[in-house]
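Enquirer:
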């Protein structure tokens, strides 16, 4: 088995901008997905907050819209991708959100 990093990319709404009902709905969706994938989750992750980007010439660049991560364990990339079925971050259906998947290669 290998470990895979999910990076959540898209214009996510900060939790503090949700109404109490919307926040509960969001938390339930995440809890439901995490319960379903529990056997594969190595690190449930966290949201990412303030960001910066430093270029190789020392200058600044516009940081990406990565806004969270999770680490899972799966047999292969296809299995890691399959774990995303029903993931709440991918529920909008308009193509604005993505989960990028990277295998974590041991050194």
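Residue numbers (the UniProt record's numbering): 1 to 107.
Think of the CB as a built atom: it goes at the ideal place given N, C-alpha and C, for glycine as much as any other residue.
1. Excluding the five sequence neighbours on either side, which residues of its own chain have a C-beta within less than 7 Å of the C-beta of residue 65, listed in chain order?
2. For residue 62, name the three-state secondary structure that DSSP assigns.
3. With respect to the beta strand (DSSP E) encompassing residue 2, which residues constitute its N-terminal and C-terminal limits?
4. Give me the DSSP bridge partner(s) of residue 98.
5. Assuming contact is defined by CB atoms lying nearer than 8 Å, are residue 69 and residue 45 in contact in what I supplied?
6. Quick one: give me the first and last residue of the beta strand (DSSP E) that residue 108 is part of.
7. Does residue 25 come out as helix, strand or coil in the three-state DSSP assignment?
8. If I'm right that residue 74 touches residue 1 with Cβ under 8 Å, what's the distance once you round it to whole angstroms?
9. Please give me, in chain order, every unbroken run of the alpha helix (DSSP H) with length at least 4 that falls completely inside the UniProt domain "YCII-related" (38-94).
10. Applying the 10 Å Cβ sphere with the 16-neighbour rule, what's the burial state of residue 113?
Expert: So, from the listed chains and residues:
1. Answer for residue 65: 9, 10, 11, listed in chain order.
2. In the structure shown, residue 62 sits in coil (DSSP, three-state: anything other than H, G, I, E or B).
3. Run containing residue 2: 2-9, per the beta strand (DSSP E) assignment.
4. BP columns for residue 98 point to 9.
5. Taking 8 Å as the Cβ cut-off, residue 69 and residue 45 qualify as a contacting pair.
6. Within the shown structure, residues of the chain are numbered from 1 to 107, placing residue 108 beyond reach of any answer.
7. Note: residue 25 maps to helix in three-state DSSP.
8. Their Cβ separation, rounded to whole angstroms, is 7 Å, which keeps residue 74 and residue 1 in contact under 8 Å.
9. Whole alpha helix (DSSP H) segments, 4+ residues: 77-82.
10. Not covered by the structure: residue 113. The range shown for the chain is 1 to 107.
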